[in-house]
Each structure stands twice: as structure tokens, then as C-alpha cells.
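Q: Shown below is the structure under consideration.
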Amino acid sequence: MSDQTTKRNSEESANSISAKKDNFYSNHPIENEILEKIRTQELELLRIEELKPFLERLSSLPWAEYEEKLSLKYYTSAPFGKESSDPLYPKISSEKEFEFQLLEPGNILAEAETSLGSDSESFARLNNFVSNLIARTMGKAVAISIKKRIDA
1 MSDQTTKRNS EESANSISAK KDNFYSNHPI ENEILEKIRT QELELLRIEE
51 LKPFLERLSS LPWAEYEEKL SLKYYTSAPF GKESSDPLYP KISSEKEFEF
101 QLLEPGNILA EAETSLGSDS ESFARLNNFV SNLIARTMGK AVAISIKKRI
151 DA
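Spelled out as C-alpha cells, the structure:
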């Protein structure tokens with residue numbers, strides 16, 4: 001691995017919402033911190049002309065729908081969703097029937113990699129932004145799933 005790649009990976013890790021604040025305590029950001037980090041990154045990335053088409057496509061994705069679908073997946077796979085006596089437990093006839101995966105952001109990122117090159121600084125920044133969007137979406141989905149169970 002080249003020194004430049006190692007340095008870039010290190011910088012990406014430092015900019016990730018899941019980066020550790022110090023050696024002893026991991027950073028478990030609250031929702032507002034995550035949203036602020038994503039807003040800040042997006043504003044920075046919008047200044048990079050070559051990223052605008054990818055950012056537009058990412059912003060047009062149905063993130064709220066993804067959160068709902070993932071929350072159902074979490075609800076049905078978490079131990080609290082396995083209770084057969086639970087009348088609210090979603091009945092899914094086949095596990096294959098409900099294999100929702102968050103693919104579109106990865107597809108957009110793959111196109112960006114092809115267009116910009118994997119060694120591009122712009123691509124590295126977009127990659128980190130997409131990772132943070134996915135982390136936000138997954139976090140919200142878990143929260144929705146837990147709230148559904150608590151409210152049940």
C-alpha cells in the first residue's frame with residue numbers, strides 16, 4: 001500500500017462519523033452530530049464541480065423509504081421481533097422475499113469511481129460522504145425499529 005493511499009485512508013477514517021475521539025472511548029455520535037457532519041460534508045462537496053451529478057443523484061434517493069424498509073428488516077431479525085405471540089410481528093412468508101439491501105448508493109459510488117478514478121481525492125471524499133449517509137440511514141432504521149417495538 002502506498003504512503004499516499006495510507007495517508008488518505010487515515011484522513012478518511014478521521015472524517016468518518018464513526019471515528020474514535022480518542023484511544024479509550026469510541027465516538028457514538030448523536031443524531032444531530034451525524035446530521036451536522038453530513039450537511040457540512042455536502043456543502044464542501046458541492047464546491048467540487050465533478051461531484052455535482054453524483055450528489056444530485058444521491059440527494060434524489062428515497063432515504064426515508066430506505067429507513068422504513070431497513071427498520072422492518074431490523075425488527076424481524078432482532079430478538080425482540082422474534083416473539084411468535086407478538087400480534088404486531090410482521091409475517092413474512094419467506095426470508096428471500098424480504099432481502100432489502102441498500103444498493104443504489106453503492107451503484108452511484110461505483111460509477112463515480114469509474115468516472116473519477118479510485119485514486120482521485122474527489123472520489124475519496126465522495127466515498128466518505130456516502131458511508132456517512134448509509135450510517136445515518138442505518139442508525140435511523142434501528143431507532144425506528146426500536147420505537148415500533150416500544151410503542152407496540
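Just so you know, the sequence shown maps onto residues 1 to 152 in the UniProt record's numbering.
Just so it is clear, CB atoms sit at the ideal spot from N, CA and C, and this is done for glycine as well.
In the DSSP assignment, find the unbroken alpha helix (DSSP H) run with Gln41 in it and report its ends.
A: Here residue 41 corresponds to residue number 41 of the sequence shown, with the count starting at 1. In the DSSP assignment, Gln41 falls within the unbroken alpha helix (DSSP H) covering Glu31 to Leu46.
Q: Going by C-alpha to C-alpha distance, which of Ile134, Arg125 and Ser60 sits closest to Glu67?
A: One-based indexing of the sequence shown puts residue 67 at position 67. That would be Ile134, whose Cα lies nearest to the Cα of Glu67.
Q: Straight-line CA distance for Glu44 to Lys52?
A: Counting from 1 along the sequence shown, the entry for residue 44 is found at position 44. Counting from 1 along the sequence shown, the entry for residue 52 is found at position 52. C-alpha separation (whole angstroms): 11 Å.
Q: In the structure shown, what three-state DSSP assignment does Phe24 receive?
A: The sequence position of residue 24 within the sequence shown is 24, counting from 1. Note that Phe24 has pLDDT 38, beneath the 50 cutoff, so the model's placement of it is unreliable and no number is given.
Q: Hey, is the segment 59-78 in contact with the segment 29-40, meaning 3+ C-beta pairs nearer than 8 Å?
A: These segments do not touch.
Q: Reducing DSSP to helix, strand and coil, say where Pro62 ends up.
A: Mapped onto the sequence shown, residue 62 falls at position 62. Pro62: coil per DSSP, three-state reduction.
Q: Since Ala112 contacts Phe123 with CB under 8 Å, what's their CB separation in whole angstroms?
A: As a position in the sequence shown, residue 112 is number 112, starting the count at 1. As a position in the sequence shown, residue 123 is number 123, starting the count at 1. Indeed they touch by this definition, with Cβ atoms about 6 Å apart.
Q: Consult DSSP for Leu102 and reduce its assignment to one of helix, strand or coil.
A: Taking the first residue of the sequence shown as position 1, residue 102 is located at position 102. DSSP places Leu102 in coil when its eight states are reduced to three.
Q: For the candidate residues Ile48, Ser131 and Leu103, whose alpha-carbon lies nearest to that of Lys37?
A: Translated into positions along the sequence shown, residue 37 becomes position 37. Nearest C-alpha to Lys37: Ser131.
Q: Inspect the beta-carbon positions of Leu55 and Glu42 and report whether they are closer than 8 Å.
A: Indexing the sequence shown from 1 puts residue 55 at position 55. Indexing the sequence shown from 1 puts residue 42 at position 42. For the pair Leu55 and Glu42, the CB atoms are nearer than the 8 Å cut-off.
Q: Label Arg39 either buried or exposed according to how many other C-beta atoms from any shown protein chain fall within 10 Å of its C-beta, with 16 as the threshold for buried.
A: The sequence position of residue 39 within the sequence shown is 39, counting from 1. Under this definition Arg39 is an exposed residue.
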